[in-house]
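One line per chain: the protein sequences are D and U, in this order.
Position 285 of the first sequence, counted from 1, bears residue number 284 in numbering that gives the first Met the number 0, the numbering being contiguous throughout.
Position 24 of the second sequence, counted from 1, bears residue number 23 in numbering that gives the first Met the number 0, the numbering being contiguous throughout.
Every residue, glycine too, gets a C-beta built ideally from N, C-alpha and C.
Bear in mind that the values here come from a model prediction, so they are computed numbers and not experimental data.
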Amino acid sequence: MNRHLLSMNDLDREDIESLLATARVDFLDLSKRDIKKVPTLRGRTVIDLFYEKSTRTSTSFELAGKRLSADVINVKADSSAVGKGESLKDTTLTLNAYRPDIIVIRHPHVGAAAFVARFTEAHVINAGDGMGEHPTQCLLDIFSLQQEFGELGGLKVAIVGDVLHSRVARSNIIGFQKMGMKVTLVAPPALLPRGVEALGAGVANSLDALEDMDVIYLLRMQKERHEDANYLPSMREYIARYQVGLEHLGGGRKVLHPGPINRGVEISAALADSGENLILQQVEAGLAVRMAIMYRIIVDNAAAAVEAAGETTAGASEAEVKNIHAVG
Amino acid sequence: MTTTIAKRGTKATLIIADVRVFDPASGIDITTDVTVEKGVITRIGPAGKSRPQGAQVIDARGLLLLPGFVDLHTHLRSPGREDEEDMASGTRAAAAGGYVTICAMPNTDPVVDNAAVIASLAEVAESDAVVRVAFVGAISRGQKGEHLSDLWDMAGAGAVAFSDDGRPVTDSGILRSAFQAAHMSDLPLSLHCEDPGLAGAGVMNEGEVSARLGLAGIPCASESADVARNLEIALYENARVHIAHISCIRSLELISAARVSGARVTCEVTPHHLTLTDTNVAGLDSCFKMNPPLRGEDDRMALVAALVSGVIDCIATDHAPHAAQEKDTPFEEAPFGVIGLETAFPVLFTELVETGEVSLDVIVQAMSSNPAKAFGLPVPAISVGEEANLCLVDTLNEFEIDPASFQSKSRNTPYAGRKVKGCVQMTLAAGRVAYRNELTSS
């Protein structure tokens, strides 16, 4: 892995396969044991810096760090110096003085993770930057799809809903195509960013497009962003035309959703409760994938540093490699 | 008197020897000597032995002598944000860029919306300004778009134009009244064209790049829709209108059409819209964030073509200083605006003249005589008997743009590190030496 994980553009297909293999082989079954902890990142410090509300992403990063035995500190914007007007630059410089190994950041603005990376020696993991990207979500989605379908090349996937405001959509358009999948965006024109065709995905304005899809990837309707702007005639009309339910399934078609779901808006209650969606598998995958990301971002870069230093004995990385094998 | 300048020091007496004198408005392009006595051009021709007493001789072989530049769109940040720019630093920056006259925009704190503020600023200029400063008054009180400001009093106090720059006048009725009031003194309204509903929360051009980045876009229609409305009202009132910082094709088409219908319209484009596009935003450097935003390559090419064809008559900098801490943030949090006084000519010379896209005489007229005429300012001319308003530039040697060396208090330029030609060596404004390049002058 590179020094930081900021965008799906940072990874090629080989990187993705290798990273997800680590998640599958080393971490997926860990949660099923009585003792859910390995000593892999003992002595390492992880700071989770969250400027936005989050349940699954923050829980999953915290749990991932703790199960790897790292010291995990959660900094929430609403209860920190940020509320006193501290700039992102100064917050980063302050946290960097504790010499953390990894900073996980969720922020309402595009490029915030890359911005933080300019002011810290820690590895930075983008846990969502405004409407920009959400690469760890994309990786866990690819992981879930691999678990379900095996080989992903040639798979047809529709990303449905509020594409305009979705960082998940943006990362998945990039990531899914890297895995050889064919992506179609399905939404009314007002919820599609102008110029989005440039990302290589097809575009459709009606759910009729779902008919020959293998996967339906539903996006959360970001209702909070619709309050001051009239993107749609009404939510009622949107639901009548764009809500996905059991009637859109068939032929082994699976439904994914990054959560949190708006039950009865983009997804019908019946579909949400059915076994045809992979939503809880995604959550489970999230933990394993985030453990793999944290582990690999430390180990790969430590190994690279050792190589760069021209040493033959891999100090830190060798110990950590040994630690993970203690898992097995 | 519509412009103010400090009358410090003596007027220049010097001979600029062996220089290429280039003034398209006066039809001059010859290599010779130019003699300036007590701030007035007294001879264009070999100086020989007829040197005025005490004349300093400047060896200007290989250099270019141009009429000084005029900027219709400068944010001096004074009063209110003197940490970002003030009268002294802003006019020094102007002089370092070859400008002899600048027009200060009224979006300060307090807003320049009455004669008393203009009078007090003119007083500051009288002690601190090294180039001529003209003042643009606000169209509406506090630039709130609700009530007309004291347009007639400000015209009396020397305002050269009116503008709510930074924001559009959304109420068309108020805009019409402003045209009618400004028409009494035949002053133009300089209009920032933007439809707030279409611009929304946008932070960059709407298009492929914004879709890739996930940034909210500002569509071209946000500008052109407002240009159309403004031209219609100006035409109806037969009033003078100046369209500020044009960024896209449709605005140009609308201006051309309005001229055919008899509209009295002038317009400006910035150096950054002529030389950069929205692909420059991909790195999320807030020094590429301004309003209107950098557009696509099609728009940029159309702006260049319109400059050549004369549809665009003026180049203006929209020099907008911002404190480092305000720009050193994620892109969406940063304020709009970049500085431009000290980079305008070198960037345009290097990117447009040297590449053969635009001739030097078009650039010089768009930076000097055309803007002067648009706002009724003194027209810098290289001609015997004229006050010396000149700039001397080196178009042969390359240099690297280094924000640390700027005269401006701010550093928010999109051109840091760029290698360019056209370094300004000396500026004479209102007959006095306003700037001398210490690094290269002997």
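Listing by chain order, which chain U residues have their CB less than 9 Å from the CB of S86 (chain D)?
Within the first sequence, numbered from 1, the residue matching residue 86 (chain D) stands at position 87. Those within 9 Å of S86 (chain D) in chain U are Q324, D327, T328, E332.
Could you tell me which residues DSSP pairs with N73 (chain D) in its beta bridges?
Position 74 of the first sequence, counted from the first residue, corresponds to residue 73 (chain D). Per DSSP, D:D47.
Where does the unbroken beta strand (DSSP E) through F68 (chain U) begin, and where does it stop?
Position 69 of the second sequence, counted from the first residue, corresponds to residue 68 (chain U). Per DSSP, F68 (chain U) belongs to the beta strand (DSSP E) from 68–73.
Could you name the residues of chain D that R211 (chain U) contacts, counting a contact when the two beta carbons are closer than 7 Å?
Taking the first residue of the second sequence as 1, we reach residue 211 (chain U) at position 212. Correct list: A197, L198.
Pull up the distance between the alpha-carbon of E341 (chain U) and that of S205 (chain D), whole angstroms please.
Mapped onto the second sequence, residue 341 (chain U) falls at position 342. Mapped onto the first sequence, residue 205 (chain D) falls at position 206. Taking the straight line from one Cα to the other gives about 53 Å.
Chain U residues whose Cβ lies nearer than 8 Å to that of H3 (chain D)
What you label residue 3 (chain D) is simply residue 4 of the first sequence in a count that begins at 1. Per Cβ cutoff of 8 Å: no residues; H3 (chain D) is ~14 Å from chain U at best.
Cβ atoms of V243 (chain D) and E265 (chain D): under 9 Å apart, would you say?
Locating residue 265 (chain D) in the first sequence gives position 266, counting from the first residue. Locating residue 243 (chain D) in the first sequence gives position 244, counting from the first residue. Going by C-beta atoms, E265 (chain D) is nearer than 9 Å to V243 (chain D).
So, using beta-carbon positions, are I124 (chain D) and F60 (chain D) closer together than 9 Å?
Translated into positions along the first sequence, residue 124 (chain D) becomes position 125. Translated into positions along the first sequence, residue 60 (chain D) becomes position 61. Contact flag set, yes.
Could you tell me which residues DSSP pairs with F26 (chain D) in its beta bridges?
Counting from 1 along the first sequence, the entry for residue 26 (chain D) is found at position 27. Beta-bridge pairing links F26 (chain D) to no other residue.
By alpha-carbon positions, which one of U:G96, U:P109, U:A154, U:I117 ends up nearest to V129 (chain U)?
For the purposes of this step, residue 129 (chain U) is identified with residue 130 of the second sequence, where counting begins at 1. The option with the nearest alpha carbon to V129 (chain U) is U:G96.
Please state if the CB of L190 (chain U) and the CB of A103 (chain U) are separated by a distance shorter than 9 Å.
What you label residue 103 (chain U) is simply residue 104 of the second sequence in a count that begins at 1. What you label residue 190 (chain U) is simply residue 191 of the second sequence in a count that begins at 1. Contact: no.
At what residues does the beta strand (DSSP E) containing D22 (chain U) begin and finish?
For the purposes of this step, residue 22 (chain U) is identified with residue 23 of the second sequence, where counting begins at 1. Segment 13–22, the beta strand (DSSP E) holding D22 (chain U).
Check R151 (chain D) in the structure and name its three-state DSSP category.
In the first sequence, residue 151 (chain D) corresponds to position 152, counting from 1. In the sequence as displayed, the identity of residue 151 (chain D) is Leu instead of Arg. Coil, per DSSP.
What's the C-alpha gap between R435 (chain U) and L230 (chain U)?
Numbered from its first residue, the second sequence carries residue 435 (chain U) at position 436. Numbered from its first residue, the second sequence carries residue 230 (chain U) at position 231. Using only the alpha carbons, I get a separation of about 42 Å.
Along the chain, where does the alpha helix (DSSP H) that runs through G172 (chain U) open and close?
Here residue 172 (chain U) corresponds to residue number 173 of the second sequence, with the count starting at 1. Element bounds for G172 (chain U): 171–183.
Looking only at its own chain, which residues have a Cβ that is under 7 Å from the Cβ of A257 (chain U), when we skip the five neighbours before and after it?
Mapped onto the second sequence, residue 257 (chain U) falls at position 258. L230, L234, V264, listed in sequence order.
CA-CA distance, A197 (chain D) and V432 (chain U)?
For the purposes of this step, residue 197 (chain D) is taken as residue 198 along the first sequence, with counting starting at 1. For the purposes of this step, residue 432 (chain U) is taken as residue 433 along the second sequence, with counting starting at 1. Going from the Cα of A197 (chain D) to the Cα of V432 (chain U) covers about 53 Å.
Chain D partners of E207 (chain U), CB-CB under 9 Å?
For the purposes of this step, residue 207 (chain U) is taken as the residue at position 208 of the second sequence. Ordered by position in chain D, the residues that pass the 9 Å Cβ test against E207 (chain U) are R193, G194, V195, E196, A197, L198.
Consult DSSP for D327 (chain U) and reduce its assignment to one of helix, strand or coil.
Indexing the second sequence from 1 puts residue 327 (chain U) at position 328. D327 (chain U): coil per DSSP, three-state reduction.
Sequence-distant residues of its chain with Cβ nearer than 7 Å to A380 (chain U) (five each side left out)
Position 381 of the second sequence, counted from the first residue, corresponds to residue 380 (chain U). If we look at A380 (chain U) and ignore the five residues flanking it on each side, its Cβ neighbours are D22, A24, S25, P66.
Alpha carbon to alpha carbon, how far is E437 (chain U) from A224 (chain U)?
Residue numbering aside, residue 437 (chain U) sits at position 438 when the second sequence is read from its first letter. Residue numbering aside, residue 224 (chain U) sits at position 225 when the second sequence is read from its first letter. Between E437 (chain U) and A224 (chain U), the C-alpha separation is close to 47 Å.
Alpha carbon to alpha carbon, how far is A160 (chain U) from I4 (chain U)? Give it in angstroms, no decimals.
Within the second sequence, numbered from 1, the residue matching residue 4 (chain U) stands at position 5. Within the second sequence, numbered from 1, the residue matching residue 160 (chain U) stands at position 161. Cα to Cα, the separation comes out at about 18 Å.
Could you give the first and the last residue of the continuous alpha helix (DSSP H) run that contains M7 (chain D)?
The count along the first sequence starts at 1 and reaches residue 7 (chain D) at position 8. No alpha helix (DSSP H) holds M7 (chain D); DSSP gives it neither H nor E.
Start and end residues, beta strand (DSSP E) containing A133 (chain U)
For the purposes of this step, residue 133 (chain U) is taken as residue 134 along the second sequence, with counting starting at 1. Note, A133 (chain U): beta strand (DSSP E), 131–136.
Any chain U beta carbon closer than 9 Å to V109 (chain D)
Position 110 of the first sequence holds residue 109 (chain D). V109 (chain D) counts as touching chain U.
Between U:I248, U:A343, U:D317, U:L64, which has its C-alpha nearest R417 (chain U)'s C-alpha?
For the purposes of this step, residue 417 (chain U) is taken as the residue at position 418 of the second sequence. With distances taken between Cα atoms, R417 (chain U) lies closest to U:A343.
Where does I381 (chain U) sit, in a helix, a strand or coil, going by DSSP?
Looking up residue 381 (chain U) in the second sequence gives position 382. It is coil, neither helix nor strand.
As an exercise, report each continuous alpha helix (DSSP H) stretch of at least 4 residues that is fully enclosed by the stretch 193–255 of chain D, in chain order.
234–241
Label K6 (chain U) either buried or exposed according to how many other C-beta atoms from any shown protein chain fall within 10 Å of its C-beta, with 16 as the threshold for buried.
On the second sequence, position 7 is the one that residue 6 (chain U) refers to. So K6 (chain U) counts as exposed.
Chain-order list of residues whose beta-carbon lies under 7 Å from that of A428 (chain U) (same chain, five-residue window excluded)
Here residue 428 (chain U) refers to the residue found at position 429 of the second sequence. Within the same chain, A428 (chain U) has close Cβ partners I4, G67, A94, V99, V129, V130, R131, N388.
Beta-carbon separation of A203 (chain D) and A157 (chain D) under 9 Å?
Looking up residue 203 (chain D) in the first sequence gives position 204. Looking up residue 157 (chain D) in the first sequence gives position 158. In contact: A203 (chain D) and A157 (chain D) (Cβ atoms closer than 9 Å).
Leaving out the 5 sequence neighbours to the left and right, which residues in its chain are closer than 7 Å to A305 (chain U) when beta-carbon positions are compared?
Taking the first residue of the second sequence as 1, we reach residue 305 (chain U) at position 306. Correct list, in chain order: L251, I311.
Tell me the DSSP bridge mates of T426 (chain U)?
On the second sequence, position 427 is the one that residue 426 (chain U) refers to. DSSP, once it has assigned bridges, lists U:C390, U:Y434 as partnering T426 (chain U).
Please identify, using Cβ separations under 7 Å, the residues of the stretch 274–289 of chain U that lie next to chain D, in order along the chain.
L283
In chain order, what residues of the same chain lie with their CB nearer than 7 Å to the CB of V208 (chain U), ignoring the 5 residues before and after it?
Stepping through the second sequence from its first residue, residue 208 (chain U) is reached at position 209. So the list reads D277, T278, V280, A281, once near-sequence residues are dropped.
Going by the CB atoms, is the gap between L75 (chain U) and D393 (chain U) shorter than 9 Å?
What you label residue 393 (chain U) is simply residue 394 of the second sequence in a count that begins at 1. What you label residue 75 (chain U) is simply residue 76 of the second sequence in a count that begins at 1. Against a cut-off of 9 Å, the Cβ pair of L75 (chain U) and D393 (chain U) comes out as no contact.
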